[in-house]
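Numbering (the numbering used here), first residue to last: 395 to 1345.
Yeah, the Cβ is synthetic: ideal placement off N, Cα and C, and Gly gets one too.
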Amino acid sequence: MANTNEARGGSQGQTPAPRRRKRRKKGSTVGHVFATIGKVVGTLLLVGITTCAFLACFAAVYIQQVIMPQTDLNLGDFIVDMSLSSTMYYTDSSGTLQELRTIYGSDGNRVWVEYEDIPENLINATIAIEDHRFRQHHGVDWIRTAKGVLLMFTGGDIQGGSTITQQLIKNLTTDKEVTVQRKILEIFRALEFEKKYSKDQILEAYLNYIFLGERCNGVYTAAYTYFGKDVSQLSLAECASLISITNNPSLYNPYVNRENNTKRANLVISRMLELEMISQAEYDQAKAELDAGLNFVRGEDEERDETAYTWYEDQVIDDVVADLMEKYDYSETTALNMIYYGGLTIETCLDMDIQNIVDSVYENMDNLPYISSSGQQLQSAIVIVDPDGNIVALSGGMGEKEGSRIWSRATDSKRAPGSAFKPLSVYAPAIDMGLITPGTVFDDSPYQLEGGSPYPSNSYGSYLGRMTVRDAVKISSNTVAIKTLAMLTPQASFDFLTTKLGFTNSDDGLVYQKQVGDRTLTDVALAPLSMGGLTNGVSVREMATAYSVFPRGGTYLESRTYYRVLDSKGNVLLDTNEDRVPVTAVKDTTAWYINSMLEDVVSTQRVSGNIATGYEAVLDNMTVAGKTGSTNSNRDRWFVGYTPYYTAAVWCGYDQQERITSKGNPAAQMWTKVMSQVHAGLENKDFPQPDGLTEVTICAESGMIATDACAMDPRGLQTVKEYYFAGDAPTEYCTVHNTTPFPEGGLVTVCLDDPFLNSSGNPTGMYHIAGENCPESSKATVSVLDFVRERVGSNYSIADDIFTKDYLLQAGSAAYCTVHNEVLPYDPATFNIDDKTTWPTQAQWPGFDPEDESTWPVAETTEPEPYDPESFDFLNPDTWPTQEQWPGFDIEDSSTWPTPGGTPPGTDPWEPTDPGETTPPDSGETTPEPTPSPSQGGTETPPDESYIPAA
């Protein structure tokens, strides 16, 4: 054991010597650090490789399943026989197809230029400036593509780097969206494309398709347009000038900017020289020609039909182009080429008889003879839709049409619709959601203040007070519209318009939110949606399409100008009957309510003296409904009206907005000029009416079931007959009119001999409250409006204020008859609550209520006039003091008579006359102190003036 202990460093009782730590070598520490770094780097590298492998697999699957199925393109699908022309047809009244128009392009029946006929200089110029490695790559220039990707990651964009092959694909298809996905698709399409077609085939197609400004598609048309010669005759300088345009036609068009075109043409020939495509001598000659200035002259390749397309034909072309692009992913150029040169048969929805009527009205400038202060002609546009959603006729402007495919005010222009938007954005959705009916009552009064002024104002220049929705629509009340929308909410309105009525939610449609500079614009707000002051506005076609929902019983159908399009072999390319399923926009009961209200708009009915706004659109012996619209300063005027046969929207205004100063509503007048002829000879009929309609007599001031009190309104009977479907009718009786006596209620006895007068001195229809002296024959009992009016601000009047209980209460004594009742003065000192004979009348003390102590009369506390005792003469009563002046005075008791230097009985001659005075006066003379009367509390007096509202 001892040996063992020694071996372990000592006996059991000794502390073992500490171990010496092994010193780590310096090199070992450095190695450990590098080892750790190596592990981290290795781990990161492994993670990176794994991630890249995962992404590569994902990309491979994505390319295989998403990209590759879209890469197969055939030139034959896009390149049509350029010798063919297309034809439009319409169906006549007998149901037979009749030819409407043979369609030619801007260059007639365009001639396709074969590769062999294209000048070598033009081919080389194209390669030099657009894609100098064209002959070497296989559809994608990877060097230029890499530069484009680098630009994207350094804050640039991913445009640029496209080869001629890629540009051709973009011209043939709609691949113009600048996104990573589109760029990837474009790359793979180009690679596949070059596997199928030779370089010469690609160049031939490219030069026949590129847009070169001035409505020129392809070098054949461009050669005639700019140089008046065949493309095969172009010089080197002319080839360079021509191909320069394609980079940016608006910037390099020689007719617009010759200097820019010359600079770029010089760049083209410089690149050709650099690439050894031309000799120095050829370069020098071309440069001299460019510097001297090329001879640009328009020429014609052949005679062609110069007659401009009609407004309707223009729209058919536009619609077919849009549908070809959507269905087949064609570019606009490809779609137009198919229409102009592809031998298509287009079956239109045109009704020639109606279109002839429209043309006769719209080509006659005497029908709209208004010129603005700046010299502009007042313009107009119309679109007519039938119950099947077919656009049967339209016009994009007044006068003779001056060209083909020009700007159409019927479909291209978007203008603020004003009040014509209310049935669509406010009343239809609010009724459909069960928030209102035509009999719902709102207060025609300001909704809020803007800059201290009441808002909104009305076109009729006043606030009328309580009215039904039916009457509000009839005279186009802005306040009722905005209050209804506040109930509905702008978001619900916006959603309804964009999901049920065909309006688009986009930067150029109805705007949810758009940033313009430092301003954020939106249509999701009260003012734009309730009064039609939209960011972009709407088109005439959109309005006609949306309104056609109502006569159709609540069903939405997208409007169309054609039925079918067939190719040159008779195959159906487009059929608008496919997937044309009617969509329920609103319930049929909602459509009936709207029809019923808008019928009243097109009438000569009046509301408080204001005529219905659509009175100019009344047709003889035909049911008509519609709505007018106007914007601030009358810059746009609308009328959208419909019958059981047709819906037509009309806009009038100036192209550069100015105030319209015409008499009446020119849009309604133009509508009537057209539609009166369209409906001539047609049998009158009603709009469809759902089952379950019931008639209810309601109070026009409350929207509730009428009572006997509603017939006692000072203005006469205030009941109307309204119509309701199940669950919509009111169930409670009117409370706005009642038989509770004034002032607790609204039942008032008035004197017919004393009417309230307006500011012009004319009777208002309301009378002063009768007094005790008014003869019974002059008295009448009426029921005034008993409700609490919510006001914003006070600097405005409301027409029905004078017929309210609140008005009479505020008027006070001025509300009572002054013809028969002279109001006797009342001495509040005589008031005794326990003695009814001392109580004042309402005329003497307005608001007096024996149950409310705060209304009791209180005498004023006044100081008596000072009294001079030396003036006293017991024989002259005029010199006697009052009790206030000499308390205790009694003419029968001489001891109470005033004496010079004396004091009234019961007063202390030594009482200080001033709070600071503590000693009696030096002289024996004393001046009697006036004794204050006992206080009876605060002073209340009737108001001096009554509240008289402006008329």
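Item                                                                                                                                                                            : Value
Output the distance between the C-alpha atoms of Ser405 and Gly436, rounded to the nearest integer angstrom.                                                                    : Confidence at Ser405 is low in this model, with a pLDDT of 42, below 50, so its placement is unreliable and the value that follows should be read with caution. Going by the C-alpha atoms only, they are around 53 Å apart.
One question on the structure: do Thr978 and Arg954 come within less than 8 Å of each other, judged by their Cβ atoms?                                                          : no
Would you tell me roughly how many angstroms separate the C-alpha atoms of Val918 and Phe888, rounded to the nearest one?                                                       : 6 Å
From what residue to what residue does the alpha helix (DSSP H) around Gln885 run?                                                                                              : 884 to 894
Look up Asn642 in the DSSP assignment and say whether it is helix, strand or coil.                                                                                              : coil
May I have the straight-line CA-CA distance separating Asp1102 from Gln907, to the nearest angstrom?                                                                            : 52 Å
Could you give the uninterrupted runs of the beta strand (DSSP E) lying entirely in the segment 1071 to 1103, keeping only those of 3 residues or more?                         : 1088 to 1093
Could you give the distance in angstroms between the alpha-carbon of Gln770 and the alpha-carbon of Ser1024?                                                                    : 19 Å
Along the chain, which unbroken stretches of the beta strand (DSSP E) at least 3 residues long are found entirely within the segment 659 to 688?                                : none
If we ignore side chains and look at the alpha-carbon of each, how far apart do Leu843 and Thr878 end up?                                                                       : 17 Å
What does the alpha-carbon distance come out to for the pair Val1001 and Ile1092?                                                                                               : 17 Å
According to DSSP, is Gln459 part of a helix, a strand, or is it coil?                                                                                                          : In this prediction, Gln459 has a pLDDT of 49, which is less than 50 and means its spatial position is unreliable; nothing more can be read from the coordinates.
In terms of residues, what are the limits of the beta strand (DSSP E) holding Lys1115?                                                                                          : 1113 to 1118
Straight-line CA distance for Lys808 to His1073?                                                                                                                                : 28 Å
Is DSSP giving Glu1254 helix, strand or coil here?                                                                                                                              : coil
Excluding five sequence neighbours on each side, which residues of the same chain lie with their C-beta closer than 7 Å to the C-beta of Cys633?                                : Pro513, Asn515, Leu516, Ala519
Which term fits Pro823, buried or exposed, when burial requires 16 or more other beta carbons within 10 angstroms of its beta carbon?                                           : buried
Going by the DSSP bridge assignment, what does Trp1045 pair with across the sheet?                                                                                              : Ala775, Trp1032
With DSSP as the reference, label Lys1230 as helix, strand or coil.                                                                                                             : helix
What are the uninterrupted segments assigned as alpha helix (DSSP H) that are 4 or more residues long and contained completely in the segment 900 to 972, given in chain order? : 920 to 925, 934 to 941
Would you report the Cα separation of Ile748 and Gln627, rounded to the nearest angstrom?                                                                                       : 50 Å
Give the range of the alpha helix (DSSP H) segment to which Lys1199 is assigned.                                                                                                : 1199 to 1205
Can you tell me whether Val1044 is buried or exposed? The criterion is at least 16 other CB atoms within 10 Å of its CB, across all chains shown.                               : buried
Using a 10 Å radius around the Cβ and a threshold of 16 neighbouring Cβ atoms, would you call His531 buried or exposed?                                                         : buried
Which residue from Gly1075, Asp1221, Ser870 puts its Cα closest to that of Trp1032?                                                                                             : Ser870
For Glu844, which three-state DSSP category applies?                                                                                                                            : strand
Around the Cβ of Gln492, are there at least 16 other Cβ atoms within 10 angstroms (buried) or fewer (exposed)?                                                                  : exposed
With distances taken Cα to Cα, identify the nearest neighbour of Thr619 among Pro1263, Leu630, Gly607.                                                                          : Gly607
Using only alpha-carbon positions, find the residue among Glu707, Tyr735, Pro922 that is nearest to Pro811.                                                                     : Pro922
Rounded to whole angstroms, what's the CA-CA distance from Glu1077 to Ser1070? Just pull it up for me.                                                                          : 13 Å
Which residue's Cα is closest to the Cα of Asp961: Leu891, Phe1268, Ser480, Leu439?                                                                                             : Ser480
Mark Tyr956 as exposed unless 16 or more other C-beta atoms lie within 10 angstroms of its C-beta, in which case mark it buried.                                                : buried
For Asp723, name the three-state secondary structure that DSSP assigns.                                                                                                         : coil
Looking only at DSSP bridge pairs, what is Val975 linked to?                                                                                                                    : The partner list for Val975 (beta bridge, DSSP) is empty, contrary to what the question assumes.
Mark Ser813 as exposed unless 16 or more other C-beta atoms lie within 10 angstroms of its C-beta, in which case mark it buried.                                                : buried
Compute the Euclidean distance between the alpha carbons of Ser768 and Glu1052, then round it to the nearest angstrom.                                                          : 9 Å
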